[in-house]
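S.K.:
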Amino acid sequence: MPAKNWTRIMASFGNAEDTCKAWARLAQDGVAACDRSLQVLEQTSPNDAVPHRATLTTLEQRLSQAKSLQEQGNYAQGKTGYQAVEQGGRALWGDLNTALRAAGPSAIVQAPGGDDLLDELMKEINWDSPNDSDRAFGRAALQARYRLNEINGKLGKKAIPLLYRLFSIMPEGHTRDNDDLLILTRNDVDRNGGGSFNTRTKTARIDTSHPTGLLCSHWTGEQDDTVAPEHQLVGSASRMFDHAAVHEIGHAVDDKLTFMSRHGRGAALGGWQGVGPERIAAELGRHQGFYDAFQNDLPQDELCRYLESELKNGDKGASYKEDFTHKNAYRAASARLVELLQRAPIQEAEQIRLKIANGDEKLFFDSERRKALGKLFDALRKGLKKDGASGLLDSGTTNRMLEVGTDTIKAAIMDGTPVQASIQAAGGGGPAPMPAPDWGALKSHEAAKTARYLNKRKGDGGLYNEGAAGAQRCLAGDNVCHVSAAGDWFLYRFEARKLMVSNYQFNAPPEWFAELYAMYYLGRLPQGHPAQRWLDDIVHETITDAQEQQQRLAQ
Numbered sequence: 001m002p003a004k005n006w007t008r009i010m011a012s013f014g015n016a017e018d019t020c021k022a023w024a025r026l027a028q029d030g031v032a033a034c035d036r037s038l039q040v041l042e043q044t045s046p047n048d049a050v051p052h053r054a055t056l057t058t059l060e061q062r063l064s065q066a067k068s069l070q071e072q073g074n075y076a077q078g079k080t081g082y083q084a085v086e087q088g089g090r091a092l093w094g095d096l097n098t099a100l101r102a103a104g105p106s107a108i109v110q111a112p113g114g115d116d117l118l119d120e121l122m123k124e125i126n127w128d129s130p131n132d133s134d135r136a137f138g139r140a141a142l143q144a145r146y147r148l149n150e151i152n153g154k155l156g157k158k159a160i161p162l163l164y165r166l167f168s169i170m171p172e173g174h175t176r177d178n179d180d181l182l183i184l185t186r187n188d189v190d191r192n193g194g195g196s197f198n199t200r201t202k203t204a205r206i207d208t209s210h211p212t213g214l215l216c217s218h219w220t221g222e223q224d225d226t227v228a229p230e231h232q233l234v235g236s237a238s239r240m241f242d243h244a245a246v247h248e249i250g251h252a253v254d255d256k257l258t259f260m261s262r263h264g265r266g267a268a269l270g271g272w273q274g275v276g277p278e279r280i281a282a283e284l285g286r287h288q289g290f291y292d293a294f295q296n297d298l299p300q301d302e303l304c305r306y307l308e309s310e311l312k313n314g315d316k317g318a319s320y321k322e323d324f325t326h327k328n329a330y331r332a333a334s335a336r337l338v339e340l341l342q343r344a345p346i347q348e349a350e351q352i353r354l355k356i357a358n359g360d361e362k363l364f365f366d367s368e369r370r371k372a373l374g375k376l377f378d379a380l381r382k383g384l385k386k387d388g389a390s391g392l393l394d395s396g397t398t399n400r401m402l403e404v405g406t407d408t409i410k411a412a413i414m415d416g417t418p419v420q421a422s423i424q425a426a427g428g429g430g431p432a433p434m435p436a437p438d439w440g441a442l443k444s445h446e447a448a449k450t451a452r453y454l455n456k457r458k459g460d461g462g463l464y465n466e467g468a469a470g471a472q473r474c475l476a477g478d479n480v481c482h483v484s485a486a487g488d489w490f491l492y493r494f495e496a497r498k499l500m501v502s503n504y505q506f507n508a509p510p511e512w513f514a515e516l517y518a519m520y521y522l523g524r525l526p527q528g529h530p531a532q533r534w535l536d537d538i539v540h541e542t543i544t545d546a547q548e549q550q551q552r553l554a555q
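Numbering (our numbering), first residue to last: 1 to 555.
(1) Which runs of the alpha helix (DSSP H) spanning at least 4 residues fall entirely within the region 238 to 295, listed in chain order?
(2) Do Trp219 and His251 come within 7 Å of each other at the CB atom, strictly closer than that value?
(3) Going by other Cβ atoms of all chains shown within 10 Å of its Cβ, with 16 needed for buried, is Pro112 buried or exposed?
(4) According to DSSP, Asn192 sits in a beta bridge with which residue or residues?
(5) Would DSSP call Trp534 helix, strand or coil?
(6) Check whether the Cβ atoms of Val227 and Lys443 lie closer than 7 Å to each other.
(7) Please report the residue range of the beta strand (DSSP E) in which Arg353 lies.
(8) Less than 7 Å separating the beta-carbons of Leu284 and Ala447?
(9) Just confirm the distance between the C-beta atoms of Asn503 and Asn465, as a whole number of angstroms; I'd bet it's less than 8 Å.
(10) Alpha helix (DSSP H) containing Phe137: first to last residue?
(11) May I have the straight-line CA-CA distance separating Gly138 from Gly528, to the nearest angstrom?
(12) Going by Cα to Cα distance, which pick from Gly30, Gln232, Arg457 is closest to Met500?
(13) Can you check which of these residues, Glu278, Pro433, Val246, is closest to Ala204 by C-alpha distance?
(14) Roughly how many whole angstroms lie between the Cα atoms of Thr212 and Gln300?
(15) If we ignore side chains and look at the alpha-carbon of each, how far apart do Val40 and Glu86 end up?
(16) Quick check: Tyr164 and Leu148, are their CB atoms within less than 7 Å of each other?
(17) Of all the options Thr44, Arg36, Val31, which has the alpha carbon lying nearest to the alpha carbon of Thr58?
(18) Evaluate Glu511 with the Cβ neighbour count: other Cβ atoms within 10 Å of its Cβ, from every protein chain shown; 16 or more gives buried, anything less gives exposed.
(19) Buried or exposed: which applies to Leu96, given that a residue is buried once 16 or more other Cβ atoms fall within 10 Å of its Cβ?
(20) Among the residues of its own chain, which have a CB less than 8 Å from the CB of Gly195, if the five just before and after it don't count?
(21) Exposed or buried, Leu354, counting other C-beta atoms within 10 Å across all chains shown (16 or more means buried)?
(22) Taking the DSSP output, what are the residues bridged to His482?
(23) Have a look at Asp177 and His540 and give me their C-alpha separation to the nearest angstrom.
(24) For Arg200, which of helix, strand or coil comes out of DSSP?
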């Protein structure tokens, strides 16, 4: 790239020998820049390059002549010769620039040295007041330079050069050579907006308005009071747009390396465990005293189900109580199945089933078979329907018997299972009804309150929004019982918060990585932070080298 005007002005100061040397460097650099550009043009548009090669040859000859004058001590004429070459180089560079822009960024990057040349062409654009051609070229340059399949959304004079620069601060293995980053979308939504990453479509989306300027928002990165001074972030904040862009690229890198899925359970990386609500309930029951408090009221598995119901429903035990009452009715019904199996209609139903199963010749025709199936159905209904006189099926068990009947008919017809066995299996023949616990005491226990608290966070952006206080409230032993903004359940080590870089880092394992990644590349992660080592040694390397390094670490 030819020298800037201020560099040319400074070259004119000094004695004759010094100014001659200064202009020699400018002329040589200009000719070299033109040669690099011309080599790319010869690859992309050979016919267009021919006249420019002749011009460059002439400049090289004049450069040689000026050098001879300089070596003879004729600094004044040498300087004049160099100035003419530098001026000619600037003109040729402009012509080459025009020809290369016409060829297009996608063609430029295919040639050896094309990526570097495209970087120079982007720097040549006046992004304070670009024209439509500049905007179109810049957008295409960003897509071609980093091998993106698509670029969507609003990309203007601020976003294009800023994204181009942000992509350049990360290794090309993370951006250009990362096939887990294929689509870039920018939505001008909100100055405080963040972004997202779609693993399936490999799309990084930035939802932040006002990339720069007075109206742009900033990302501070909250840290608990327990974070040591040497682990506190560098600087007060970074621009929201910058942070969102690098953060989302971090997700693509995490996907490419499968970093958190491989290493996230390690204590140094947060000790993340993806679990279900039943595991969260068990941890709360064990560590927040729920099991001990009610060990004489309900079996432990039932106490766990109670807390799981609170996690899912947050209704002060109403759903569990309804299910408990329903199951008790089932247990009562199951206890009476022995009497039910002796009923005459049930015996009749079994005889009909046997005829169907054994292929009775009278059932050869479909019409006769349908009649037999109808009789089977009616017999089962008679055998299972409510009979107030016997008291076998009281009002609390009627629905259960209807369910038993449905399951029995299905098994008898479809599977050929004996009717009595079907009823026994469907009815369960389970344990006796359990005595009802003190519902008020259950819902008032701290573990139940914590479960309802987590239920509310599940529908309100996740637990991370509550910061240290929320994590402390949901502590179970060494782990935090956590729900993400997406409603997924996790356990993570509470001690990990002493090395945090933001609350959002503790939304989910991918965010844990992406937040550290963004702070690292935006220069906000202090050198003494423990994450600095593995970010230096593993993540900062190219994707290929990093994958090989991970394999070595695993051995």
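Glycine is no exception: its CB is placed at the ideal position from the N, C-alpha and C atoms.
M.R.: Let's see:
(1) 240 to 257, 259 to 263, 277 to 287, 290 to 293
(2) no
(3) The residue in question, Pro112, is exposed, as its Cβ has fewer than 16 Cβ neighbours within 10 Å.
(4) Asn192 is not bridged to any residue.
(5) helix
(6) no
(7) Looking at the DSSP string, Arg353 is not in any beta strand (DSSP E); the run it does join, the alpha helix (DSSP H), is 344 to 357.
(8) yes
(9) 7 Å
(10) Counting along the chain, the alpha helix (DSSP H) containing Phe137 begins and ends at 132 to 145.
(11) 38 Å
(12) Measuring from the Cα of Met500, the nearest candidate turns out to be Gln232.
(13) Val246
(14) 57 Å
(15) For Val40 and Glu86, the distance between alpha carbons rounds to 21 Å.
(16) Here Tyr164 is not near Leu148, since their CB atoms are 7 Å or more apart.
(17) Val31
(18) buried
(19) buried
(20) Ala204, Arg205, Ile206, Asp207, Thr208, Ala244, Ala245, His247, Glu248
(21) exposed
(22) According to DSSP, His482 bridges with Phe490.
(23) 14 Å
(24) Residue state, collapsed to three classes: coil.
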